[in-house]
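Shown next, in structure tokens, is the structure this report addresses.
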DNA sequence: ATAATAATAGTAATCATTACTGATAACGAT
DNA sequence: ATCGTTATCAGTAATGATTACTATTATTAT
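Residue numbers (the working numbering), protein chains in the order written: chain Z, -12 to 112; chain U, -12 to 112.
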């Protein structure tokens, strides 16, 4: 894999964000530094980085892939009202039980749904 | 919500399958009973049933929505080779911990990835 | 520096899903 | 039971995120 300025930029953007941006959002950020960068380049590199396990993908109900630069074991909480994605601490509870079935776990995606604090308060008011 | 023969058929199909079919697969099954049923009808009713929480959706890496007629708390194991989806027992371990953060959980999606038994054996041979 | 070729910008194509439209069917009121 | 209202349907067109394609540019080993 050759070096490319564009890929380094995309990697930096994801690794330095604590939200879970879509390709389009990353494209927007990238254009601030690299105005001519192509959306296709963003998608191609996101897929590359995901294949290399440099980043994680989250398939959500908004039909867009969200990317996460934090590859440590952790799960996510998605607000069912606003769709906001919040990082949760490492759960990793049942894997042992699952491996007793003969299934070897190489990754996990654990998502909980509900209202985030902001939206829960909104509803009350 | 009015009764419709098509919706009943779609509901029956999902509830009586233990796999996690896509809209297209359900459409295929439905056409065996109802040859003129429309793909749009299948999609519309799947969305309706999901909104009513009669069924569950699974957003996976194959970019297709998979549907699950079992709405009881359970998680899924997806083979990263063949994409096969296997039901797992109820994990539901950390919700209490999560709710301590002030987040109220109304649903969860917990997916583990790895090789299913079939694919694991294939690799060895 | 040069050649070989990975990576890019820009655009076209793909494909799951959704929206639209005129026809059909469910069902409460008569 | 028929009628009128309107949800639902079949069929098709549109949408939109993602991927593929192509000519050009940039990286890197020699």
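Beta carbons: idealized from backbone N, C-alpha and C, even for Gly.
Fill in: Contact under 9 Å by Cβ, residue 72 of chain U with residue 6 of chain U
Yes; because the gap between Cβ atoms is below 9 Å, this pair is in contact.
Worksheet item: So, is residue 59 of chain Z buried or exposed, given that buried needs 16 or more other C-beta atoms within 10 angstroms?
Response: Residue 59 of chain Z should be labelled exposed.
Worksheet item: Can you list the residues of chain Z that residue 96 of chain U reaches, using a CB-CB cut of under 8 Å?
Response: Residues of chain Z passing the Cβ test: 96, 97, 98, 99 and 100.
Worksheet item: Should residue 55 of chain Z go down as buried or exposed, given a rule of 16 or more other Cβ atoms within 10 Å for buried?
Response: By the neighbour-count rule (16 or more Cβ atoms within 10 Å), residue 55 of chain Z is buried.
Worksheet item: Straight-line CA distance for residue 109 of chain U to residue 42 of chain U?
Response: Inter-residue distance for residue 109 of chain U and residue 42 of chain U is about 33 Å (C-alpha atoms, whole angstroms).
Worksheet item: Got a sec, what are the start and stop residues for the alpha helix (DSSP H) residue 54 of chain U sits in?
Response: Secondary structure note for residue 54 of chain U: it is in no alpha helix (DSSP H), and the uninterrupted beta strand (DSSP E) holding it is 52 to 55.
Practice prompt. Use the C-beta contact count for residue 39 of chain U: other C-beta atoms within 10 angstroms, 16 or more gives buried, fewer gives exposed.
Written response: By the neighbour-count rule (16 or more Cβ atoms within 10 Å), residue 39 of chain U is not buried but exposed.
Worksheet item: For residue 32 of chain U, is the classification buried or exposed, using 16 other Cβ atoms within 10 angstroms of its Cβ as the cut-off for buried?
Response: Buried, since its Cβ has 16 or more Cβ neighbours within 10 Å.
Worksheet item: Which residues share a DSSP beta bridge with residue 96 of chain Z?
Response: In the DSSP assignment, the residues bridged to residue 96 of chain Z are U:98.
Worksheet entry | Amino acids of chain U, ordered along the chain, whose beta-carbon sits closer than 7 Å to that of residue 25 of chain Z | Contacts between residue 25 of chain Z and chain U, judged by CB atoms closer than 7 Å, are missing: the closest CB pair is about 21 Å apart.
Practice prompt. Mind checking who residue 46 of chain U pairs with in its DSSP beta bridge?
Written response: The partner list for residue 46 of chain U (beta bridge, DSSP) reads U:52.
Worksheet entry | Collapsed DSSP secondary structure at residue 62 of chain U in the structure displayed | Residue 62 of chain U: coil per DSSP, three-state reduction.
Discussion item. Suppose you measure from the CA of residue 97 of chain U to the CA of residue 46 of chain U; what does that come to, to the nearest Å?
Written reply: The C-alpha of residue 46 of chain U is placed about 11 Å away from the C-alpha of residue 97 of chain U.
Worksheet item: What's the gap between the Cα of residue 19 of chain U and the Cα of residue 101 of chain Z?
Response: Rounded to whole angstroms, residue 19 of chain U to residue 101 of chain Z spans 38 Å at the Cα level.
Worksheet item: Do residue -2 of chain U and residue 51 of chain U come within 9 Å of each other at the CB atom, strictly closer than that value?
Response: Taking C-beta atoms as the reference points, residue 51 of chain U and residue -2 of chain U fail to come closer than 9 Å.
Worksheet item: Is there a Cβ from chain Z that is less than 9 Å from the Cβ of residue -9 of chain U?
Response: Not one chain Z Cβ lies under 9 Å of residue -9 of chain U.
Discussion item. Can you look up residue 25 of chain U in the DSSP assignment and give me helix, strand or coil?
Written reply: Here residue 25 of chain U sits in coil by DSSP.
Worksheet item: In chain U, which residues lie with their C-beta within 8 Å of the C-beta of residue 48 of chain Z?
Response: Against chain U, a Cβ distance below 8 Å from residue 48 of chain Z picks out 44 and 46.
Worksheet item: Alpha carbon to alpha carbon, how far is residue 21 of chain U from residue 4 of chain U?
Response: For residue 21 of chain U and residue 4 of chain U, the distance between alpha carbons rounds to 18 Å.
Worksheet item: Mind pulling the chain Z residues with CB within less than 7 Å of residue 93 of chain U?
Response: Within 7 Å Cβ-Cβ: 67, 100 and 101.
Practice prompt. For residue 10 of chain U, go through chain Z and note every residue whose CB falls closer than 8 Å to its CB, in chain order.
Written response: Taking a Cβ-Cβ cut-off of 8 Å, residue 10 of chain U has no neighbours in chain Z, whose nearest Cβ is about 13 Å from it.
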